[in-house]
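*Asks:* So that we are looking at the same thing, I have put the structure below in structure tokens.
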Amino acid sequence: MDTNPALARSTPEFGPGTATAARIASAAPMSARALSVRALTHSYGGTAPAVDDVSFDVPAGEIAALLGPSGCGKSTVLRAIAGLIRPNRGIISLGTTNLTVLSARARGIGMVFQNYALFPHLTVAENIAYPLACQRVPRPERRARVAELLALIRLDGFGSRLPRELSGGQQQRVAVARALAARPSLLLLDEPFGALDRALRFDLQVEMLRLQKSLGVTTLIVTHDQEEAQSLATRLVLMNRGRVEQIDSPTTVYDHPKTLFVNSFIGHASRLPGIVEASRGHEAMVRLSTGDTLVLKRDLQFIAGAPVVVTCRPEDVRLLAAPGPATIEARLTISVPLGPTLVHDLRLVDGTEIRATEMRGAAGRAAVPGDRVYIQVDTDRCHVFPRDTGN
Ligand SMILES: Nc1ncnc2c1ncn2[C@@H]1O[C@H](COP(=O)(O)OP(=O)(O)OP(=O)(O)O)[C@@H](O)[C@H]1O
Ligand SMILES: [Mg+2]
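In this text, residue positions in the sequence shown follow the numbering used here: the first is 109, and each later residue adds one.
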């Protein structure tokens with residue numbers, strides 16, 4: 109009945125065998141629907157609202173990540189979508205259905221909470237079956253659905269264990285299975301891998317992507333881990349202090365940050381304070397606080413005399429042993445190997461700190477901490493922001 113031909117087509121990437129294909133198809137939602145959040149505002153009673161005029165979309169069947177520092181309002185947005193709090197203002201819809209007027213239970217949403225709690229006294233199978241029992245799904249169907257989901261999360265044979273008899277990662281997968289049990293049209297994941305170590309997080313991210321792709325369920329994942337967001341989501345919604353700062357693909361957010369906050373939150377960005385000296389056409393000259401001048405080929409909206417901060421990524425800063433055209437003098441503070449690269453922290457003559465990376469093999473005579481070096485910044489890739497914004 110709810111066999112989705114699109115899913116049947118996508119099953120080869122999931123694994124061999126028609127039995128698996130049938131399992132996926134029957135665990136799939138009826139059809140993916142887009143999530144729309146408009147002007148969502150919520151205050152818990154404090155002075156500033158926890159969530160302020162937040163709008164974004166998650167296209168049907170896609171996975172988006174809500175990203176931002178602790179306390180910026182991510183969980184509040186999720187709770188409002190799930191119907192666990194009643195927001196002061198805003199419209200939330202799934203496809204053509206206005207969720208705002210529905211009770212939490214009627215919304216058909218699967219959710220994994222920030223501190224994922226399985227019922228400790230129920231077995232794995234009973235945990236997964238719980239939402240189905242609430243819906244009074246007949247026992248034989250419940251059993252069949254639990255078996256499908258256990259296979260889907262690769263925990264066949266674990267049904268009779270108690271949560272405390274599982275590893276953290278296995279418990280996490282059971283929480284995801286429980287969220288998927290009632291075939292939701294929307295899956296909400298709040299920091300689902302927060303408590304786990306890095307290697308396990310990565311494995312579960314891959315697993316989650318596989319599950320999400322095979323089920324095609326529209327998914328919103330909350331995280332404050334930018335790498336997790338970048339690896340999982342096709343769309344990032346960046347929040348800061350209750351507001352959305354940017355919504356774009358991971359690469360656009362990285363290459364074209366709209367604000368200094370976004371620039372610094374996604375990846376590392378060194379900040380060089382300066383004053384706009386002159387600006388004409390697509391070129392601007394910025395005099396840095398070191399006295400050096402950078403010629404930036406960017407469409408700058410700044411007038412001469414404006415205090416700005418120029419930002420650059422570590423991979424766009426080159427280290428040289430001798431001065432050359434447009435080099436800036438620096439002193440090496442520390443060099444740290446990180447996988448195939450060397451990360452150098454440097455200090456400019458006025459104390460400004462700047463980071464550079466280079467491939468380990470590419471380094472010529474290795475500079476040592478304390479050495480005077482010269483850096484060259486790829487000015488085509490720098491960004492400029494007014495100095496009084498950002499945090
Ligand atoms: N039940 C509550 N009562 C009062 N204030 C709350 C409540 N829940 C959250 N807040 C406040 O609302 C703001 C947003 O909280 P929220 O839990 O949405 O943040 P978050 O982005 O999920 O943070 P984290 O990454 O730490 O989980 C915070 O300032 C928080 O202190
Ligand atoms: Mg939270």
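By construction, the Cβ of each residue, glycine as well, lies at the ideal position given by its N, Cα and C atoms.
#1: Just verifying my parser: in three-state terms, what is the DSSP assignment at Asp-479?
#2: Beta-carbon within less than 6 Å of Asn-68's beta-carbon, same chain only, minus the 5 sequence neighbours each way: which residues are those?
#3: Helix, strand or coil for Cys-420 per DSSP?
#4: Quick check on this structure: which residue in Thr-419, Asp-486 and Glu-461 has the alpha carbon closest to the alpha carbon of Arg-495?
#5: Can you give me the Cβ contacts of Pro-239 inside the same chain, cut-off strictly under 7 Å, excluding the 5 residues immediately before and after it?
#6: Could you tell me whether the region 249-256 touches the region 216-231, where touching means 3 or more Cβ pairs closer than 8 Å?
#7: Does any heavy atom of ligand 3 sit closer than 6 Å to the C-beta of Ser-151?
#8: Nearest-angstrom Cα distance between Val-417 and Leu-317?
#9: Please give me, in chain order, every unbroken run of the beta strand (DSSP E) with length at least 3 that falls completely inside the region 356-432.
#10: Which value, in whole angstroms, describes the spacing of the CA atoms of Glu-336 and Glu-461?
#11: Between which two residues does the beta strand (DSSP E) harbouring Pro-81 extend?
#12: Give me every residue whose Cβ sits closer than 7 Å to any heavy atom of ligand 2, in chain order.
#13: Among Glu-273, Met-393 and His-491, whose alpha-carbon lies nearest the alpha-carbon of Ser-378?
#14: Do Ala-158 and ligand 1 come close, with the Cβ less than 6 Å from some heavy atom?
#15: Can you tell which of Leu-319, Arg-406 and Ala-283 has its C-alpha closest to the C-alpha of Leu-260?
#16: Closer than 6 Å to a non-hydrogen atom of ligand 1 - does that hold for the CB of Ser-178?
#17: When you compare the CB positions of Gly-169 and Leu-295, do they come within less than 7 Å of one another, or not?
#18: Check whether the Cβ atoms of Gly-216 and Pro-292 lie closer than 7 Å to each other.
#19: Could you tell me the boundaries of the beta strand (DSSP E) in which Phe-164 lies?
#20: Can you check which of these residues, Leu-446, Arg-197 and Ala-158, is closest to Glu-466 by C-alpha distance?
#21: Are the beta-carbon atoms belonging to Val-166 and Thr-360 less than 7 Å from one another?
#22: Which of the three DSSP states, helix, strand or coil, is assigned to Thr-465?
#23: Give the straight-line distance between the Cα atoms of Glu-437 and Pro-477, rounded to the nearest whole angstrom.
#24: Is Asn-196 helix, strand or coil by DSSP?
#25: Looking at His-332 and ligand 1, is the gap between the Cβ and the nearest heavy atom below 6 Å?
#26: What does the alpha-carbon distance come out to for the pair Ile-236 and Pro-358?
#27: For His-150 and Phe-227, I'd like the C-alpha separation in whole angstroms.
#28: With H, G and I counted as helix, E and B as strand and the rest as coil, what does DSSP make of Arg-187?
#29: Is the Cβ-Cβ distance between Val-330 and Leu-174 less than 7 Å?
*Replies:* Well, looking at it:
#1: coil
#2: What the structure shows of the chain is the stretch from 109 to 499, and residue 68 is not part of that stretch, so it cannot be assessed.
#3: strand
#4: Per the Cα distances, Thr-419.
#5: Arg-286, Ala-289 and Ala-290
#6: no
#7: You won't find ligand 3 in this model; what it holds is ligand 1 and ligand 2.
#8: Looking at the two C-alpha atoms, the distance is approximately 38 Å.
#9: 378-388, 391-396, 401-404, 415-420 and 425-428
#10: Distance from the CA atom of Glu-336 to the CA atom of Glu-461, rounded to whole angstroms, is 27 Å.
#11: Outside the modelled stretch of the chain, which goes from 109 to 499, sits residue 81, for which no answer is possible.
#12: Lys-182, Ser-183, Gln-222, Asp-298, Glu-299 and Val-330
#13: His-491
#14: yes
#15: Leu-319
#16: yes
#17: no
#18: yes
#19: 159-166
#20: Leu-446
#21: no
#22: strand
#23: 14 Å
#24: coil
#25: yes
#26: Near 33 Å, if we compare the C-alpha coordinates of Pro-358 and Ile-236.
#27: 30 Å
#28: Looking at Arg-187 - three-state DSSP - the assignment turns out to be helix.
#29: Yes, these two residues count as a Cβ contact at 7 Å.
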